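There are 2 protein chains.
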Amino acid sequence: METITIKDIARLSGVGVSTVSRAMNNHPDINEETKAKIMEIIKEYNYVPNNSARNLKRSQSRTIAVLIKGISNPFFSKMITVFEGEVQKKKYSFILQQVKEQEDEIDVAIELIKEKRLKGIVFLGGFFTHSKEKLKQLNIPFVLSTISLTEKFEDAGYSTVAVDDVKESYKMVDYLCGIGHQKIAIIAASEDDESIGKLRLEGYEKALKKHQISWDSKLICRMKPDIESYSMENGYAVTKELLESGKEFTALYAISDSVAIGACKAIFDAGGRVPEDYCVAGFDGLDIAYYYQPSITTIRQPVEEMARESIHILFDIIRKKAPERNIIFPAELVIRQSTRKLQ
Amino acid sequence: METITIKDIARLSGVGVSTVSRAMNNHPDINEETKAKIMEIIKEYNYVPNNSARNLKRSQSRTIAVLIKGISNPFFSKMITVFEGEVQKKKYSFILQQVKEQEDEIDVAIELIKEKRLKGIVFLGGFFTHSKEKLKQLNIPFVLSTISLTEKFEDAGYSTVAVDDVKESYKMVDYLCGIGHQKIAIIAASEDDESIGKLRLEGYEKALKKHQISWDSKLICRMKPDIESYSMENGYAVTKELLESGKEFTALYAISDSVAIGACKAIFDAGGRVPEDYCVAGFDGLDIAYYYQPSITTIRQPVEEMARESIHILFDIIRKKAPERNIIFPAELVIRQSTRKLQ
DNA sequence: TTGTAGGCGTTATCAA
DNA sequence: TTGATAACGCCTACAA
Numbered sequence: 065m066e067t068i069t070i071k072d073i074a075r076l077s078g079v080g081v082s083t084v085s086r087a088m089n090n091h092p093d094i095n096e097e098t099k100a101k102i103m104e105i106i107k108e109y110n111y112v113p114n115n116s117a118r119n120l121k122r123s124q125s126r127t128i129a130v131l132i133k134g135i136s137n138p139f140f141s142k143m144i145t146v147f148e149g150e151v152q153k154k155k156y157s158f159i160l161q162q163v164k165e166q167e168d169e170i171d172v173a174i175e176l177i178k179e180k181r182l183k184g185i186v187f188l189g190g191f192f193t194h195s196k197e198k199l200k201q202l203n204i205p206f207v208l209s210t211i212s213l214t215e216k217f218e219d220a221g222y223s224t225v226a227v228d229d230v231k232e233s234y235k236m237v238d239y240l241c242g243i244g245h246q247k248i249a250i251i252a253a254s255e256d257d258e259s260i261g262k263l264r265l266e267g268y269e270k271a272l273k274k275h276q277i278s279w280d281s282k283l284i285c286r287m288k289p290d291i292e293s294y295s296m297e298n299g300y301a302v303t304k305e306l307l308e309s310g311k312e313f314t315a316l317y318a319i320s321d322s323v324a325i326g327a328c329k330a331i332f333d334a335g336g337r338v339p340e341d342y343c344v345a346g347f348d349g350l351d352i353a354y355y356y357q358p359s360i361t362t363i364r365q366p367v368e369e370m371a372r373e374s375i376h377i378l379f380d381i382i383r384k385k386a387p388e389r390n391i392i393f394p395a396e397l398v399i400r401q402s403t404r405k406l407q
Numbered sequence: 065m066e067t068i069t070i071k072d073i074a075r076l077s078g079v080g081v082s083t084v085s086r087a088m089n090n091h092p093d094i095n096e097e098t099k100a101k102i103m104e105i106i107k108e109y110n111y112v113p114n115n116s117a118r119n120l121k122r123s124q125s126r127t128i129a130v131l132i133k134g135i136s137n138p139f140f141s142k143m144i145t146v147f148e149g150e151v152q153k154k155k156y157s158f159i160l161q162q163v164k165e166q167e168d169e170i171d172v173a174i175e176l177i178k179e180k181r182l183k184g185i186v187f188l189g190g191f192f193t194h195s196k197e198k199l200k201q202l203n204i205p206f207v208l209s210t211i212s213l214t215e216k217f218e219d220a221g222y223s224t225v226a227v228d229d230v231k232e233s234y235k236m237v238d239y240l241c242g243i244g245h246q247k248i249a250i251i252a253a254s255e256d257d258e259s260i261g262k263l264r265l266e267g268y269e270k271a272l273k274k275h276q277i278s279w280d281s282k283l284i285c286r287m288k289p290d291i292e293s294y295s296m297e298n299g300y301a302v303t304k305e306l307l308e309s310g311k312e313f314t315a316l317y318a319i320s321d322s323v324a325i326g327a328c329k330a331i332f333d334a335g336g337r338v339p340e341d342y343c344v345a346g347f348d349g350l351d352i353a354y355y356y357q358p359s360i361t362t363i364r365q366p367v368e369e370m371a372r373e374s375i376h377i378l379f380d381i382i383r384k385k386a387p388e389r390n391i392i393f394p395a396e397l398v399i400r401q402s403t404r405k406l407q
């Protein structure tokens, strides 16, 4: 089956290619009858225009892309839906593009911009330690959403939407201390983490300091590098080891809800109870933290609002209504069954 | 900043465009020195070739796409990783393409095939009630993975990888009956479901029939159409209603693990215990079913193997090594804490 | 309202 | 080993 082109349709309809083009793209100055006839032929022959040719020719488009690193992270699920809806509301089309683990999101973005003539980009997830110069290559508006930035990047001339990981993490540990816990273990990211893992650990340290609890390196557990990071499995493995080490603790703070759930399972398997024997807390506010038994105390990030705001900022920049913005959303400490006051 | 093209690079390097093209695409007959020089210029000017132009010109490519309906379904997470790895092993490039809820996967596929000159496609998720004629428009090899098909589509000249939903569902309900349950409620899909929901319900009915348990329509609960289907939230709402109805039952079979978890939560909230007061079972074999407390009895689908096999079949077809195949994988009944023998 | 023709940025053929 | 040049399929002045 030969691939059919606009020329074929033109020939079959007995018109010129430009008329076919006009028919397809809803141009105003075209006779309704000829348009109808052409559309019929198109349908009959199942003609589908080639996007590469379109994109190549067009100098403009109305499309926004969201690039996600870690596309199956449940934290992003709801955000994706919001992005899609918000973009659609603006009558733009929406592309969701996965960035593979080993890929550089900026490189992917640059390619995509040229290929699809994008109007704007939202980056979701990942680390982001790119030079300003590299970011400049993206010469279209973009927003970093839910991406932790090393401090030096603050006010760097681009927009960001995030929570203050240090502060929110502090909030959680402060709460745990406040209800009497002194021996608080943390499941942090692996040593080489320069991202949220580091920031959340920093919040932990600050809170301990405030409560004058001395630092115990044996309570700082690191996710295992050979297991998927931030996974339930990792939380399970780390907690199992902690329990077997015999090190005493009354609360366990996992820097993500998934890890917290893995931790709970390890405790149950060892015959422990949550929160009676060990309190467990997470971070992120995933749905499952609510549905888990016991429900998990966590820091809930306002994901929907963050997604919505990301798109708003992006369109403000596109429409030159506003300059870059750096929005820090407040997150919420949600106290549930997995933690209790120490008697 | 003007967008820089291959012509600019040619001019800047003092060579012709074809030489630049050869340098970029690792063509054999090119002087190593000129190649090096060109590559340097490319780097210096951050030149990135336009994919649309490439795709337009190329008549071939080595790329495989996976089209997913419901990209944030946790059931697909592991499969995605496997797909990516397997495709890479074959030295092909891999594209993950989301299909939006209201989109037609075949239409998306047809566009993508033309745009990217795809070599093959895997369809993941969704319903699939397309006519043969429509499928014929995809004139490249493809595999339907984890897609439920209405029976009339069996042996229809295309490849599929799936489990036998009726049989596996039967297995679960047969097990529940076998350990003494007579009043087994089911949380099925909404009425209009023509997909796995229908098949799994069919398995339930068959098992009841075998055990000569009379059919009780009050125990057939349907997911709420106004809540995301197959979600924990939906399971929660349905179960809450069931409990409040006062209808007696000893076991609750949810046709997906997520729904089962929502169901458990509703039972807990009502002061019930699992499995002591109500046994709960799920379907799919998500990780969370193992990590949940109590761990959930489920039917585990061999997702990794299914993903791997999908790619193998696809490449066999591409390389003309084999004709279409329809593989039914066996799933496994995994008995865990959420179910118990009725005394 | 319609058709012709040029060009979007590449790759590939063919001479040189 | 290299460089012109003709496609690839579409859109869009511009002319009719």
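Chains A and B, in that order, give the protein sequences.
Counting from 65, one number per residue, gives the positions in the first sequence under the numbering used here.
Counting from 65, one number per residue, gives the positions in the second sequence under the numbering used here.
Every residue gets a Cβ at the ideal spot worked out from N, C-alpha and C, and that includes glycine.
A quick note: this is a predicted structure, and the numbers were derived from the prediction, not measured.
Going by Cα to Cα distance, which pick from the options is closest to residue i?
i: His245/B; options: Leu263/B, Lys101/B, Ile277/B; result: Ile277/B
i: Leu202/A; options: Ala129/A, Ile352/A, Tyr356/A; result: Ala129/A
i: Ile211/A; options: Pro205/A, Leu199/A, Lys198/A, Val227/A; result: Val227/A
i: Ile291/B; options: Glu396/B, Ser254/B, Leu350/B, Phe393/B; result: Ser254/B
i: Thr403/B; options: Ile248/B, Val172/B, Thr67/B; result: Ile248/B
i: Leu188/B; options: Asp348/B, His194/B, Glu396/B, Ser209/B; result: Ser209/B
i: Lys235/B; options: Phe206/B, Leu265/B, Pro113/B; result: Leu265/B
i: Lys196/A; options: Ser223/A, Tyr317/A, Ile284/A; result: Ser223/A
i: Ser359/A; options: Thr193/A, Met370/A, His91/A, Ala345/A; result: Ala345/A
i: Val79/B; options: Tyr111/B, Gln407/B, Ala330/B, Thr98/B; result: Thr98/B
i: Arg400/A; options: Ala252/A, Leu240/A, Val151/A; result: Leu240/A
i: Leu182/A; options: Phe147/A, Asp229/A, Gln124/A, Lys231/A; result: Gln124/A
i: Val163/A; options: Gly267/B, Glu148/B, His194/B; result: Glu148/B
i: Val302/A; options: Ile177/A, Glu232/A, Ile251/A; result: Ile251/A
i: Glu165/B; options: Glu167/A, Ile144/A, Glu165/A; result: Ile144/A
i: Val146/A; options: Ser374/A, Leu397/A, His194/A; result: Ser374/A
i: Asp229/B; options: Leu199/B, Asp238/B, Gly267/B; result: Gly267/B
i: Glu396/A; options: Tyr317/A, Ala100/A, Gly349/A, Ile325/A; result: Gly349/A
I want to verify the contact list: residues of chain B whose CB lies under 8 angstroms from the CB of residue i, in sequence order.
i: Met408/A; result: Outside the displayed range of chain A (65 to 407) lies residue 408/A, so it cannot be described from this structure.
Using a C-beta to C-beta distance shorter than 9 angstroms, which residues of chain B count as neighbours of residue i?
i: Cys328/A; result: Tyr355, Gln357
i: Ile144/A; result: Ile135, Ser136, Gln162
List the residues that DSSP assigns as beta-bridge partners of residue i.
i: Gly149/B; result: None, per the DSSP bridge assignment.
i: Val344/A; result: Leu316/A
i: Val81/B; result: BP columns for Val81/B are empty, so no partner.
i: Ala249/B; result: Leu316/B
i: Cys434/A; result: Beyond the ends of chain A as shown, which are 65 and 407, falls residue 434/A; an answer cannot be given.
i: Asn390/A; result: Thr224/A
i: Arg364/A; result: Asp348/A, Glu396/A
i: Leu176/A; result: According to DSSP, which records beta bridges pairwise, Leu176/A is partnered with nothing at all.
i: Gly244/B; result: Answer by DSSP bridge pairing: none, since Gly244/B is not bridged.
i: Phe140/B; result: Note: Phe140/B sits in no beta bridge, so no partner.
i: Ser209/B; result: Leu188/B, Val225/B
i: Leu182/A; result: For Leu182/A, which the question treats as bridged, DSSP gives no partner whatsoever.
List the residues of chain A whose Cβ lies closer than 8 angstroms to the Cβ of residue i, in chain order.
i: Pro425/B; result: Beyond the ends of chain B as shown, which are 65 and 407, falls residue 425/B; an answer cannot be given.
i: Ser141/B; result: Ser136
Whose Cβ in chain A lies nearer than 7 angstroms to the Cβ of residue i?
i: Phe332/B; result: Gln357
i: Gln365/B; result: The contacting residues do not exist; Gln365/B stays about 16 angstroms from chain A at best.
i: Gln201/B; result: Asn110
I want to verify the contact list: residues of chain A whose CB lies under 9 angstroms from the CB of residue i, in sequence order.
i: Ile105/B; result: Neighbours of Ile105/B on chain A: none; closest Cβ ~16 angstroms, over 9 angstroms.
Run through chain B and tell me which residues come within less than 7 angstroms of residue i, C-beta to C-beta.
i: Gln407/A; result: The contacting residues do not exist; Gln407/A stays about 23 angstroms from chain B at best.
i: Ile325/A; result: Tyr355
Are there three or more Cβ pairs, one per stretch, closer than 8 angstroms when the segment 111-122 of chain A is compared with the segment 108-125 of chain B? Between the segment 111-122 of chain A and the segment 108-125 of chain B, the count of Cβ pairs shorter than 8 angstroms is three or higher; the stretches touch.
Can you give me, in chain order, the residues of the segment 107-134 of chain A that have a beta carbon less than 7 angstroms from any beta carbon in chain B? Residues of the segment 107-134 of chain A whose Cβ lies closer than 7 angstroms to any Cβ of chain B, in chain order: Asn110, Val112, Asn114, Asn115, Ser116, Ala117, Asn119, Leu120.
Inter-stretch contact (C-beta, 8 angstroms, three-pair minimum) for the segment 316-336 of chain A and the segment 288-297 of chain B: Flag = no, the segment 316-336 of chain A and the segment 288-297 of chain B do not touch.
According to a CB-to-CB cut-off of less than 9 angstroms, which residues of the segment 67-82 of chain B neighbour chain A? The residues in question are Thr67.
If contact is defined by three or more beta carbon pairs under 8 angstroms, each pair taking one atom from either stretch, is the segment 257-270 of chain A in contact with the segment 364-377 of chain A? Contact fails: fewer than three Cβ-Cβ distances are below 8 angstroms.
Using Cβ-Cβ distances below 7 angstroms, what residues of the segment 149-163 of chain B are close to chain A? Near chain A, meaning a CB-to-CB distance below 7 angstroms, the residues of the segment 149-163 of chain B are Leu160, Gln162.
Cβ contact (3+ pairs, closer than 8 angstroms) linking the segment 85-105 of chain B and the segment 388-400 of chain A: No, because fewer than three Cβ pairs between the segment 85-105 of chain B and the segment 388-400 of chain A fall closer than 8 angstroms, the two stretches do not touch.
Counting pairs of beta carbons, one from the segment 376-384 of chain A and one from the segment 374-386 of chain B, are three or more of them closer than 8 angstroms? Too few Cβ pairs lie closer than 8 angstroms, so no.
Which residues, taken in chain order from the segment 175-188 of chain B, show a beta carbon closer than 7 angstroms to some beta carbon of chain A? Going along the segment 175-188 of chain B in chain order, one finds Glu175, Lys178, Glu179 with a Cβ nearer than 7 angstroms to chain A.
Inter-stretch contact at 8 angstroms, needing at least 3 Cβ pairs: the segment 147-160 of chain A / the segment 323-340 of chain A: Taking 8 angstroms as the limit for Cβ pairs, the verdict is that the segment 323-340 of chain A does not touch the segment 147-160 of chain A.
Whether or not the segment 127-141 of chain B and the segment 177-196 of chain B are in contact is what I'm after, with contact meaning three or more pairs of Cβ atoms, one per stretch, closer than 8 angstroms; do they touch? The way I'd put it, the segment 177-196 of chain B does touch the segment 127-141 of chain B; three or more beta-carbon pairs between them come closer than 8 angstroms.
For the segment 140-148 of chain B against the segment 163-172 of chain B, are there 3 or more C-beta pairs whose distance is under 8 angstroms? Taking a cut-off of 8 angstroms for Cβ pairs, the segment 140-148 of chain B and the segment 163-172 of chain B do not touch, as fewer than three such pairs fall below it.
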